[in-house]
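Below: one structure, written as structure tokens.
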Amino acid sequence: MAGILNVDISYFTEENGNKDQNTVGARLRRLREQKGITLSELSRRSGVSLAHISEIERSRSTASLKTLEKLAAVLEVSPSSLLRSSQEDTLGNKLKRLREKMGLTQKELAQQVGISHSLIGQIETDRIQPSLATLSSLAEALGVSTCYFLMEEEEEDLYLDYRLAADIREALRRPVLQQIVRALAEWEEMEIRGLLDFLHSLNENRRPLSAGAEDQYQEIRSFVSHAKEDERNLVLNLIRLLQGNSREEEV
85 MAGILNVDIS YFTEENGNKD QNTVGARLRR LREQKGITLS ELSRRSGVSL
135 AHISEIERSR STASLKTLEK LAAVLEVSPS SLLRSSQEDT LGNKLKRLRE
185 KMGLTQKELA QQVGISHSLI GQIETDRIQP SLATLSSLAE ALGVSTCYFL
235 MEEEEEDLYL DYRLAADIRE ALRRPVLQQI VRALAEWEEM EIRGLLDFLH
285 SLNENRRPLS AGAEDQYQEI RSFVSHAKED ERNLVLNLIR LLQGNSREEE
335 V
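Take a look at the structure:
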């Protein structure tokens, strides 16, 4: 049963002073509230009756694995995350999970951070607690914020899913690119792909620009990102016209 549910066997035998806080119902309710989902909405989206969900959250009813799968799908977590005891969410376990997700050995991570791999082993087994400086170095090497180590596991999974690559994070620090992203937020997929093709073409043919020309280039990109479809078509037609004139002059 432990293997199928992806939990440690101790889940079925352990006892602790916070038992009520570690039940399936308590974790379900905590996760649902964190995501701002009402009982009614969870019921509607999962197909599980509102009364049954309420009974599960109050630990008056036991959820089947099928029911947990339906609820977990709506909450965007794995079914096993609803079963895990909070005792598993130690700093050491979080470090180990992330390191393994990154495909790093303890030795490789230790070399990046500049500490011994035996120290990483001690941290991962919760034998010692790292200093804030060491924790910050570990977080930086793994590409996460230090607050990652304080998250609930379901929050941790969502954080890792949306974590951006370093070059994208660096690019998005530019206010003009933030404006472009906001402007594109409601575009259809086909429109965005068309714009990407257009920008790819511009980048392929782009030459080093002077300071004044660079400003003009950014203005054009900003305009295209905010333009309506007919306005974008007008720009494309103008580009084609200019390219045609250019070819005629070459001939």
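Counting from 85, one number per residue, gives the positions in the sequence shown under this note's numbering.
All C-beta atoms, glycine included, are put in the ideal place defined by N, C-alpha and C.
Practice prompt. Counting only the same chain and skipping the five closest in sequence on each side, list residues whose C-beta sits under 8 angstroms from that of residue 267.
Written response: 309 and 310
Worksheet item: Within this structure, are the beta carbons of residue 108 and residue 137 separated by less than 8 angstroms?
Response: no
Worksheet item: Where do the ends of the alpha helix (DSSP H) carrying residue 139 lie?
Response: 134-141
Worksheet entry | Spatially closest choice to residue 319 from 283, 146 and 230, by CA coordinates | 283
Discussion item. Less than 8 angstroms between CB atoms is the rule here; does residue 206 satisfy it with respect to chain D?
Written reply: Structure shown: chain D not included; a single protein chain is present.
Discussion item. Please list the terminal residues of the continuous alpha helix (DSSP H) segment that includes residue 55.
Written reply: Nothing can be reported for residue 55, as the shown portion of the chain is limited to 85 through 335.
Practice prompt. Confirm, please, whether the CB-CB distance from residue 209 to residue 187 is below 8 angstroms.
Written response: no
Worksheet entry | Distance between beta carbons of residue 220 and residue 230, contact taken as under 8 angstroms | 5 angstroms
Discussion item. For residue 192, report the span of its alpha helix (DSSP H) as first-last.
Written reply: 190-197
Worksheet item: When the Cα of residue 307 is compared with those of 274, 324 and 265, which residue comes out closest?
Response: 265
Worksheet item: Where does residue 232 land, buried or exposed, given buried means 16+ other C-beta within 10 angstroms?
Response: buried
Worksheet item: With DSSP run on the structure shown, which of helix, strand or coil describes residue 323?
Response: helix
Practice prompt. Under 7 angstroms Cβ to Cβ from residue 196, same chain only, skipping five residues before and after it: list those, please.
Written response: 225
Fill in: Boundaries of the alpha helix (DSSP H) in which residue 212 is found, first to last residue
Note, residue 212: premise wrong, no alpha helix (DSSP H); not H, not E.
Fill in: Whole-angstrom C-beta distance between residue 134 and residue 124, which should lie under 8 angstroms
6 angstroms
Worksheet entry | Alpha-carbon to alpha-carbon, residue 205 and residue 212 | 9 angstroms
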